[in-house]
Each structure stands twice: as structure tokens, then as C-alpha cells.
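Residue numbers (our numbering): 232 to 302.
A virtual CB, placed ideally from N, CA and C, is assigned to each residue, including glycine.
These notes concern the structure reproduced below.
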Amino acid sequence: MPGLNEIPMNKIFDGSVVIITMSTGQWDGSLEAAYDYGHTLLELDENEIPVKAYRKPQLPGGVRTAIRGAV
């Protein structure tokens with residue numbers, strides 16, 4: 232997993248419409264694309280309890296940081 236921007240659990244609904252669940256340590260191209268697009272990734276433990284949340288940081292004005300490979 233690359234260095235993801237962890238956010239507080241009480242902020243997972245702030246500014247995000249899409250929340251995608253993932254297992255601890257899970258990482259693939261679909262998760263990377265969702266993260267790059269600005270969706271929230273919610274990490275669940277083996278008992279499906281949320282343990283961490285990640286979302287790409289925003290630039291001033293509410294714009295997400297550049298998506299890698301975008302023109």
C-alpha cells in the first residue's frame with residue numbers, strides 16, 4: 232500500500248459520497264483509482280470492524296490533488 236492520507240473516523244462522511252471498504256493490507260488498482268478520484272477507503276479488520284479511513288487530501292477550494300496520469 233502506498234502512503235495513504237489517513238483521516239479521523241468521525242470525518243468519513245465529510246465531503247465524500249462514495250465509501251469503499253477494504254481489508255487490512257488490501258491494495259489493488261481498483262482501490263488506487265477510487266482513492267485517486269477522492270473516494271473514502273474504509274479499512275475493516277477480520278471481524279469487519281472499521282479500523283482506519285483514508286481519503287486523498289484536498290487542495291484549497293475543495294479540489295482533490297491531481298490524479299496520477301491525468302492530463
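Bounding residues of the beta strand (DSSP E) (the contiguous stretch that carries residue i)
i      : result
Glu274 : Thr271 to Leu275
Thr252 : Ile250 to Ser254
Lys283 : Pro281 to Tyr285
is_contact[residue i, chain D] using C-beta, thresh 8 Å
i      : result
Gly260 : In the structure shown, chain D cannot be found, because there is only a single protein chain.
Given residue i as reference, the closest of the options once Cα atoms are compared
i      : options                           : result
Gly246 : His270, Pro281 and Tyr266         : His270
Thr255 : Tyr285, Gln289, Lys287 and Glu277 : Glu277
Gln275 : Asp259, Ala284 and Lys242         : Checking the sequence shown, residue 275 turns out to be Leu, not Gln. Here the closest residue by C-alpha is Ala284.
Beta carbon of residue i nearer than 8 Å to that of residue j
i      : j      : result
Arg286 : Asn241 : no
Pro281 : Leu273 : yes
Ile251 : Ala264 : no
Unbroken alpha helix (DSSP H) run spanning residue i, endpoints
i      : result
Gly260 : Gly260 to Tyr268
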